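Working notes, beginning with the structure itself.
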Amino acid sequence: MAESETRYRVGGMDCASCATKIDTAVRRVAGVADVSVSVMAGTMTVRHDGSSDLKVIEKKVTGLGYSVAPLAGSAAPAHVQGSQHRHDHGHNPRDHAGHDHDHAVHDHEGHDHASHDHDHPHDHGEKEIEGLHGHDHAPMAGPWWQSRKGRLTILSGAALVAAYTVGHLVPAIASYAFIVAMLIGLVPIARRAIMAAFSGTPFSIEMLMTIAAVGAVVINAGEEAATVVFLFLVGELLEGVAAGKARESIQSLTGLVPKNALLEDNGQTREVPAESLAVGAIIMVRPGDRISADGIIISGESAIDEAPVTGESTPVRKGVDAVVFAGTVNGDAVLRVRVTAAAADNTIARVVKLVEEAQESKAPTERFIDRFSRYYTPGVVVVAALVAVVPPLLFSGPWGEWVYKGLAILLIGCPCALVISTPAAIAASLSAGARRGLLMKGGAVLETLGKVTMVAFDKTGTLTEGKPQVTDIISFGLSEAQVLSRAAVLEQGSSHPLALAILNRAKSDGVPVPPAFELEALPGKGVSGKVGGETLDLLSPPAARERGTLSAEQDARITALNDEGKSVSVLLVNGVAAGLIAMRDEPRKDAEAGLAALKSAGVKAMMLTGDNKRTAAAVAGMLGIDWRGEMMPEDKQRVVGELKRQGFIVAKVGDGINDAPALAAADIGIAMGGGTDVALETADAAVLHGRVGDVARMIELSKRTMRNILQNITIALGLKAVFLVTTIAGITGLWPAILADTGATVLVTINALRLLRIKI
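Counting from -3, one number per residue, gives the positions in the sequence shown under the working numbering.
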């Protein structure tokens, strides 16, 4: 039976323990093969054999106190999903084309599960409990104090203040007042602990908290128990706010696309919802308006501010046939744009989908920490139990003192900060990269990028502009402008890349291009025509040699230009050589700086191209890079394999189509280009804006992320180690213990969020 894949929007998650509980519960459902849960994206992907009852999966999640809703168009045969990827990362974004990013992450306040809860009542023990899950921080629609969790925290704090007041006024009932204050916060926590235990997670943070609080009451530390519960709720609230910030950073991209568009219809323009625009529709964009869809300009020329999408501070001048992206801002003129992608499939929507899916895939470090925490938490419970009972039993220590220390160790040992240390940093990094046009499909890709020691570049369209440009105009008797003008006359109407290079140069130089007569294509040789009484020919050098019109000196000039990797056309006027026009696909403006950035980072670079060796050598010489020329796709794949065998960690950069075999063979395949379907889907990562320097930025982002993860792990384990020692020594108690846990979690999350603001 073919496996299928279903994606869900899950509301209410804000820390890694949430994801672990959901993962554990859903894996127990019959027919489920694999589960991926992303806290930062608020999504879950379930691979199943088709026999699974999806309603049972949803009941498992809602039973734990989270909201869940299937994402539209999410089901797809699993063998299609991510078939190109070797790191178990990312899924084919086109399989989720219907993914609706306006799908609200349901707030627990409404428990919006009517679509299935009423038709399928929960079994006993699976019933959704009102306010069950304390991590109620699905992106808060409003201030934190209006959320369910915020209100519970305020109520718990007020009860604690009331207990202190009552205890001061009536000391005899002080202990009972603190127990009541504790129960107000603890009852929802205990309910969640019980539900998690029934779903396969007995050692949840809620369970540790419940045991510690109840134990504190038993040893007459009710005041501390109530305070610890309140601090726990405050810590969770802070966690939720911090996690919400990370989640919003990528979702805020969707807010860049305007809600409405001006549609041209039978000569009239009318305002319609942007999401209703069909491919092929014509829209009008006024100066100052945000462009409402991906498209191609069909009339008008304007400066486009792409900063909201690409981070580029300088507006880009764009005219007819230029590609524009939804969410960018039209500058100074009216544009008419033909829509090329539906709203659910524009560049921003696809970037958001891709990043959300990437956040579900785990980096090797994250997988290791997940495995470690499975043994770590039960180990903490065992250590706490031993601390509580061994000294009194074997060394006659006071029971109250050692039980108190054991309960404090339970709280210190909560693994939240450790478990979230990696996913928080990776989610922030993926979001930061996406906002700059750097897409990485998952934590494994992000982690591997920092280890890259060799980058193999394609030439055409990657290191070079991808279209020839006129580099030299050599005249024999005429002026350069006259040579260019006559050549442009002959090339009018042609779509050949070399012809377009001549026409573009004539346009930029302001050279007149009068109409030609009797234009005739000479197959394999060139083109001829008549203008103003002159007979003109624009020929390839071999065709000109056949005519016997080239002197030895002129032939030597052509050979010298060919040796520089340039294509040459010979202009004849009335049968006599009048000039040469040389063209070459020139390196991108940022190519040299981008390669220098790689070199300074200690990463080697090589150019692999199908072009002839003369052209390859010329371009490589300009850029100062090793090269291999005249390579077929399978040759590029073979060279990548050889580099890997030499011990290099290889990234291959190409256009994602003819480089597919080499992209697949490399440790990391990076697609270069403007966000095409193939570029986004076939590679492990994509540089949307085609800048060579972005490859170095991607590697630098990976290195910063790994440093951030190391800092997070140090914070998480360091604080625990310090408080473990001070607790056993009797210096600190329950209050500092809970602060050590929630404080470390908040510190780790805030440290990870710094990645959102980095300048790369």
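Using N, Cα and C, we set each Cβ at its ideal position, and we do this for glycine too.
Values in this document were obtained by computation on a predicted structure and should not be read as measured data.
- Secondary structure at D341: helix, using DSSP grouped into helix, strand and coil.
- Looking from the CA of A712, the closest CA among G625, S417, M627 belongs to S417.
- Of the residues assessed, D328 falls on the exposed side of the cut-off, its CB having fewer than 16 other CB atoms within 10 angstroms.
- The Cβ-Cβ distance between G637 and K648 does not fall below 8 Å.
- If you keep only unbroken alpha helix (DSSP H) runs of at least 4 residues inside the segment 653 to 712, you get 656 to 661, 673 to 678.
- Under the three-state reduction of DSSP output, R501 falls in the helix class.
- The C-beta of E487 has 16 or more other C-beta atoms within 10 Å across all chains shown, which makes the residue buried.
- In this structure V33 is in contact with D19, their Cβ atoms being roughly 5 Å apart against a cut-off of 8 Å.
- As a beta-bridge residue in DSSP terms, G650 pairs with A667.
- Counting along the chain, G522 sits inside no alpha helix (DSSP H); it lies in the beta strand (DSSP E) bounded by residues 522 to 527.
- Taking C-beta atoms as the reference points, V507 and T545 fail to come closer than 8 Å.
- According to DSSP, K314 shares a beta bridge with S298.
- Excluding its 5 nearest sequence neighbours in each direction, L619 has C-beta neighbours in its own chain below 7 Å: L459, P583, A587, E588, L591, listed in chain order.
- Taking a 10 Å sphere around the C-beta of N326, we find 16 or more other C-beta atoms and assign the residue as buried.
- Short of 8 Å from the beta carbon of A556, and not among the five residues preceding or following it, lies no beta carbon of its own chain.
- For V523 and S491, the gap between their C-alpha atoms comes out near 13 Å.
- Closest in C-alpha terms to V210, from the list L576, Y4, V183, comes V183.
- If you look at Q465, you'll find it in the beta strand (DSSP E) that goes 465 to 471.
- Under the Cβ criterion (8 Å, minimum of three pairs), the segment 341 to 351 does not count as touching the segment 364 to 371.
- Between I408 and K716, the C-beta gap is smaller than 8 Å, which places the two residues in contact.
- Rounded to whole angstroms, the separation of the alpha carbons of K562 and L252 is 43 Å.
- Under the three-state reduction of DSSP, F453 is assigned to strand.
- Secondary structure at F513: strand, using DSSP grouped into helix, strand and coil.
- Judged by beta-carbon spacing, I287 lies within the 8 Å limit of T324, meaning their Cβ atoms are closer than that value.
- Around the beta carbon of I405, a 10 Å sphere encloses 16 or more other beta carbons of the protein chains shown; the residue is thus reported as buried.
- With a threshold of 16 other beta carbon atoms within 10 Å, N216 falls short and is exposed.
- Close CB contacts of A222 within its chain, under the 7 Å cut and outside five residues either way in sequence, are with L156, A159, F174, A177, M178 (chain order).
- Scanning its chain for C-beta atoms nearer than 7 Å, with the 5 sequence neighbours on each side dropped, one finds around W140 the residues G146, L233, V237, in chain order.
- Judged by DSSP in its simplified three-state form, G598 adopts coil rather than helix or strand.
- Closest by C-alpha distance to T2, out of V31, L435, K503, R541, is V31.
- Under a 10 Å Cβ-count criterion, S504 is classified as exposed, with fewer than 16 other Cβ atoms of the shown protein chains found around its own Cβ.
- For N256, the number of other beta carbons within 10 angstroms of its own is below 16, and it is reported as exposed.
- Contact between T336 and D261 fails: their C-beta atoms lie close to 18 Å from each other, not under 8 Å.
- Taken in chain order, the whole alpha helix (DSSP H) runs of length 4 or more contained in the segment 197 to 222 are 201 to 214.
- Where P537 is concerned, the enclosing alpha helix (DSSP H) starts and stops at 537 to 543.
- The Cβ atoms of E626 and G606 sit closer than 8 Å to each other.
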